[in-house]
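Start counting the sequence shown at 936; every next residue gets the next number (the numbering used here). Glycine is no exception: its CB is placed at the ideal position from the N, C-alpha and C atoms. Since the model is a prediction, treat every value here as computed from it, not as a measurement. Reading through the structure tokens given below for one structure.
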Amino acid sequence: MSRPRVLSLYEGLFAGGARVLHTNVITGLHLDGSHEHAVLSIASQARREGALQPMSADPRYRWLREAGIEVSDLGREAGALPPDPESFSDAELDVAAAAVARADVILTLKEQPFGLLLALDARGLLPDVPIAACLHRSDPTHSGPAMRWLGELAASGRLTSTISCAESTSDAYARFTPPSVERFVIPNGIDLARYRPKPHERMPLRTRLGIAPNVPVILLAARFDAMKDPGLFLRAVGAHAARDSRAQYVMCGAGMTADNAALTAAIAEAGAPAERVHLLGIRDDMPRVYRAADIVALTSAFGEASPLCLIEGAASGATPVTTAVGDSAQVVAGIGLVTPHDAQAIASAWTRVIARRPDYRAAALAARPRMGADRMLDEYRGAIDGLAERAEAAA
């Protein structure tokens, strides 16, 4: 069998852990010659968390192009809701039909692109090839109409499999798919050459922010969204800052900027010291941001599966402290702490980590081998090859 041609469908290319993970997977498999990958993005720009994010400015887009992966788009703007099947024009469906016609296997990044697949199927433009949904949430009920579309495609027999990044994800989506849909669980992995401790890179960001070398830094790397619960993080900041007069707090991600009025209001409402809260927005240099931190915090309320920030931060030397969402507890086992959704409890956990910082750092760095991407790429390669082989045998 010649190497399979794989098409990945994205809702859009914009900031987010799932897009980082999926892009790393397909660029890795394209560059090592396993498959020939291509990407179709429904949107050419996204308006999320109060920011306009053009695809051409997104690092994921640059990674794809630098790897030699063809990237096409339908020219839409991604917003709060994914596009409905009935909203696609004939011209858009013609572009999408040409892309899927060249594929031996179709991957979707989460369930949002299923509206497009249903529109193609209704027009008789969806080829009889394996379709795998790559899933990265632990709570499908927050996916809006996209969850219903996934269920419709699964019930029709067109959805072949799901590839989940966490057991919690696989179990949650199993309730909405028939037993005929094969389920893979492939835990996330990261590039350990990119996310690693570099002592000389601890200070550049700290220096720019006016933070001394021995001052504790607590980082929230997340978008400004209810799922991430930045309000809980800020209430924990307020509680912790009252105990620790030196600690500094960094927030980065889409919407984490001073011009976000809702964020600045949340800072004031939480009683967090604004002069010690640094808002960095979207960053292209996350390894350096992690290396400047002592703790990488996650205060999510729902939806998380296997959060990349926890393993990226730990591999860079920061200690993960997370609420118990998705598979987060398994991710940080032995290297960090799990807390309830309570600001005082979170602040206490931060205090415990800071008091024993060398021990926690040593544990995280010792666990680096389990965080690497090689195992993940091998498992994705096997899953995609299996789908392609079965399709070829059935042809």
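Please classify residue i: does DSSP put it in a helix, a strand, or coil?
i, result
"Cys1187", "strand"
"Phe1049", "helix"
"Pro1255", "strand"
"Cys1069", "strand"
"Asp1008", "strand"
"Arg1093", "coil"
"Pro989", "strand"
"Gly1271", "coil"
"Val1212", "strand"
"Leu1055", "helix"
"Arg1137", "coil"
"Ala1157", "coil"
"Gly1014", "coil"
"Val1064", "coil"
"Ser1235", "coil"
"Arg1287", "helix"
"Ala1182", "coil"
"Glu920", "Here the chain covers residues 936 to 1330 and nothing more, so residue 920 does not appear."
Should residue i and residue j be called a contact, given that it needs their Cβ atoms to be closer than 8 Å?
i, j, result
"Leu1061", "Val1035", "yes"
"Tyr1386", "Pro1018", "The first residue shown for the chain is 936 and the last is 1330, placing residue 1386 beyond what the model contains."
"Ala1301", "Gly1271", "no"
"Val1006", "Ala1038", "no"
"Ile1066", "Leu1094", "yes"
"Glu1046", "Ala1015", "no"
"Ala1197", "Leu1214", "no"
"Ala1101", "Gly1261", "yes"
"Asp1025", "Ser976", "no"
"His1077", "Met1186", "no"
Which residue wins for smallest C-alpha separation from residue i, given the options the options?
i, options, result
"Ala1223", "Tyr1315, Met1138, Leu1198", "Per the sequence presented here, residue 1223 reads as Arg, with Ala not at that position. If we check each option's Cα against that of Arg1223, Met1138 comes out closest."
"Ala1284", "Gly1321, Arg1178, Glu1324", "Arg1178"
"Gly1173", "His970, Ala1201, Ser1073", "Ala1201"
"Thr1234", "Leu1214, Ala1264, Arg1037", "Ala1264"
"Glu1247", "Gly1261, Val1267, Phe1237, Val1260", "Val1267"
"Ala1176", "Ala1318, Asp993, Ile1289", "Ile1289"
"Phe1023", "Leu1051, Glu1001, Val1040, Ile1004", "Leu1051"
"Asp1277", "Phe1168, Tyr1184, Gly1321", "Phe1168"
"Ala1182", "Gly1003, Ala1157, Gly1238, Ala1282", "Ala1282"
"Ala1228", "Val1150, Ala1089, Leu1243", "Val1150"
"Glu984", "Gly968, Leu1042, Ala950", "Ala950"
"Ala1207", "Ala1171, Ser969, Cys1187, Arg1292", "Ala1171"
"Leu1055", "Arg997, Arg1072, Glu1021, Leu1243", "Glu1021"
"Ala1032", "Gly1059, Gly1010, Thr1043, Leu1042", "Gly1059"
Rounded to whole angstroms, what's the CA-CA distance from residue i to residue j? Just pull it up for me.
i, j, result
"Arg995", "Pro989", "11 Å"
"Trp1084", "Phe1119", "20 Å"
"Ala1299", "Ala1057", "50 Å"
"Asp1164", "Leu1155", "10 Å"
"Met1191", "Val1212", "11 Å"
"Ala978", "Arg1218", "21 Å"
"Gly1252", "Tyr1295", "9 Å"
"Glu1012", "Ala1068", "22 Å"
"Ser1115", "Ala1109", "11 Å"
"Ser1103", "Ala1240", "6 Å"
"Ser1091", "Val955", "30 Å"
"Ala1209", "Val1256", "22 Å"
"Ala1323", "Gly1124", "23 Å"
Would you please state the rounded distance, in angstroms, between the beta carbons of residue i and residue j? I believe it to be under 8 Å.
i, j, result
"Leu964", "His972", "7 Å"
"Leu1127", "Ile1098", "Not quite, the Cβ-Cβ distance comes to about 22 Å (not below 8 Å), so this is no contact."
"Val974", "Leu999", "6 Å"
"Ala1002", "Leu966", "5 Å"
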